[in-house]
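>
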Amino acid sequence: MTSSIALDVKHWRVRFPIRGGVLSRVTDYFTAVDDVSFRLNEGSILAIVGESGCGKSTLVKSLVGLVPSDAGEMSLFGKPVDFKSRDSMREVRAQVQMIFQDPFSSLNPRQTVLEILVAPLMARGVKFEAAEARAKTLLDRVSLPVSALAKFPHEFSGGQRQRLCIARSLMVEPKVLFCDEVTSALDVSVQAQILHLLDDLRHELGLSLIFISHDMQVVRALSDEVLVMYMGKIVERGISDEVLTHPQNDYTKKLLDSVPVIHRK
């Protein structure tokens, strides 16, 4: 039976060694994520906010195995994840995909769009013809022409590249997407298009999203729940409207006060 909880994280911690001396021995540790616990409900969007360096990106990267964690537990749709097991991680990467902040460095400049899109499926043993057919379907879904398959990433604008990144992340039919500042490198006019696309895909495909952002208006409009992080810890959590309208933690209040506002007479 499928759990109503897509992702369940308990007491998660990520530390980086600090080395010193002639032999570069470990002298201490820097804790980037400290005792973080949260749940992501199926079909919902959970936003993570906080100032730069608070550990947001490190947290989501560690949950897909890109950054090693040293404590904590994680369950995906009710099934515990063993990060030391190759089979377990293969299953995680089939269900969880990540869209990175910079679409310009996220795509291999030496590969065509077709090569980029079919690679995840062919690595799983899918035949080229089937992978190509899915690539064409997803290009149409993200509003890009099929002719884009023969082009290279440098031939596209920033918004188009981010659409390609979204299409690539959907090739393996994941159930959870981690979106790390996916609109911060884009023009304001393009940001809304990408956000609407993600929200539409969430409803059509039944996706669950973790959305990292600095834009409080986007968080309020897009997310169901929000986590506020400060120095690697969660300092406040709750329904987005409640947290952003009536914050209880002093740090959350200061974070909202720092948002620039234009006053007109």
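Quick note on my numbering: the sequence shown kicks off at 367 and runs consecutively. Note that CB positions come from ideal geometry on N, CA and C, so glycine has one too.
#1: Assign residue 549 to one of three DSSP states: helix, strand, or coil.
#2: Specify the secondary structure class of residue 320 as computed by DSSP and reduced to three states.
#3: Per DSSP, which one or two residues make a beta bridge with residue 374?
#4: For residue 536 and residue 504, I'd like the C-alpha separation in whole angstroms.
#5: Within 10 angstroms of its Cβ, does residue 368 collect 16 or more other Cβ (buried), or is it exposed?
#6: Considering Cα atoms alone, identify which of 586, 529, 543 is closest to residue 569.
#7: DSSP puts residue 394 in a beta bridge; with which residues?
#8: Which residue marks the beginning of the alpha helix (DSSP H) containing residue 336, and which one marks its end?
#9: Please list, in chain order, all residues of the same chain as residue 487 whose beta carbon is under 8 angstroms from its beta carbon, the five residues on each side excluded.
#10: In whole angstroms, give me the CA-to-CA distance for residue 446 and residue 481.
#11: Since residue 603 sits in a beta bridge, which residues does DSSP pair it with?
#12: With a 10 Å radius around its C-beta and 16 neighbouring C-beta atoms as the bar for buried, classify residue 626 as buried or exposed.
#13: Hey, is residue 444 close to the ligand NAD, as in C-beta under 7 angstroms from one of its heavy atoms?
#14: Do the segment 577-591 and the segment 415-433 touch if we need at least three Cβ pairs shorter than 8 angstroms?
#15: Going straight from the alpha carbon of residue 614 to that of residue 602, what length do you get?
#16: Kindly identify the DSSP beta-bridge partner or partners of residue 518.
#17: By Cβ distance, which residues of its chain are closer than 6 angstroms to residue 439, with the 5 residues on each side in sequence left out?
#18: Whose C-beta lies closer than 6 angstroms to the C-beta of residue 529 among residues of the same chain, with five residues either side of it excluded?
#19: Is it buried or exposed for residue 600, if we count other Cβ within 10 angstroms and need 16 for buried?
#20: So what does DSSP say about residue 528, is it helix, strand or coil?
Judging by the given coordinates:
#1: Here residue 549 refers to the residue found at position 183 of the sequence shown. Residue 549 falls in the coil class under three-state DSSP.
#2: The chain is shown from 367 up to 631; residue 320 falls before or after that span and cannot be answered.
#3: Taking the sequence shown and counting its residues from 1, the one referred to as residue 374 is at position 8. In DSSP, residue 374 forms a bridge with 405, 441.
#4: Working through the sequence shown from its first residue, we reach residue 536 at position 170. Working through the sequence shown from its first residue, we reach residue 504 at position 138. One C-alpha to the other measures close to 8 angstroms.
#5: Position 2 of the sequence shown, counted from the start, is the residue given in the question as residue 368. Any reading at residue 368 needs caution, since the residue's pLDDT is 45, under 50, leaving its predicted position unreliable; the model's value is listed next. By the 10 Å Cβ count, residue 368 comes out exposed.
#6: Reading the sequence shown from its first residue, position 203 is the one you call residue 569. Among 586, 529, 543, the Cα nearest to that of residue 569 is on 543.
#7: As a first step, residue 394 must be located in the sequence shown, where it is residue number 28. Looking at the DSSP assignment, residue 394 forms a beta bridge with 384.
#8: Since the first residue of the chain shown is 367 and the last is 631, residue 336 is not available in this structure.
#9: As a first step, residue 487 is located in the sequence shown; it is residue number 121 there, counting from the start. Same-chain partners within the cutoff: 496, 497, 500, 537, 538.
#10: Position 80 of the sequence shown, counted from the first residue, corresponds to residue 446. Position 115 of the sequence shown, counted from the first residue, corresponds to residue 481. So the two alpha carbons sit approximately 33 angstroms from each other.
#11: Counting from 1 along the sequence shown, the entry for residue 603 is found at position 237. Per DSSP, 593.
#12: Along the sequence shown, read from residue 1 onward, the residue named residue 626 stands at position 260. Residue 626 is exposed by the Cβ-count criterion.
#13: Among the components of this structure there are no ligands whatsoever, and the ligand NAD is therefore not found.
#14: Remark: three or more beta-carbon pairs, one from each stretch, lie closer than 8 angstroms, so the segment 577-591 and the segment 415-433 are flagged as touching.
#15: Translated into positions along the sequence shown, residue 614 becomes position 248. Translated into positions along the sequence shown, residue 602 becomes position 236. C-alpha separation (whole angstroms): 8 angstroms.
#16: For this step, residue 518 is matched to residue 152 along the sequence shown. Answer by DSSP bridge pairing: none, since residue 518 is not bridged.
#17: Counting from one through the sequence shown, the residue named residue 439 turns up at place 73. Excluding sequence neighbours, residue 439 sits near 376.
#18: Along the sequence shown, one-based indexing puts residue 529 at 163. Result list for residue 529: 508, 510, in chain order.
#19: The sequence position of residue 600 within the sequence shown is 234, counting from 1. It is buried - the Cβ of residue 600 has at least 16 other Cβ atoms within 10 Å.
#20: Residue 528 sits at position 162 when you count from the first residue of the sequence shown. It is helical.
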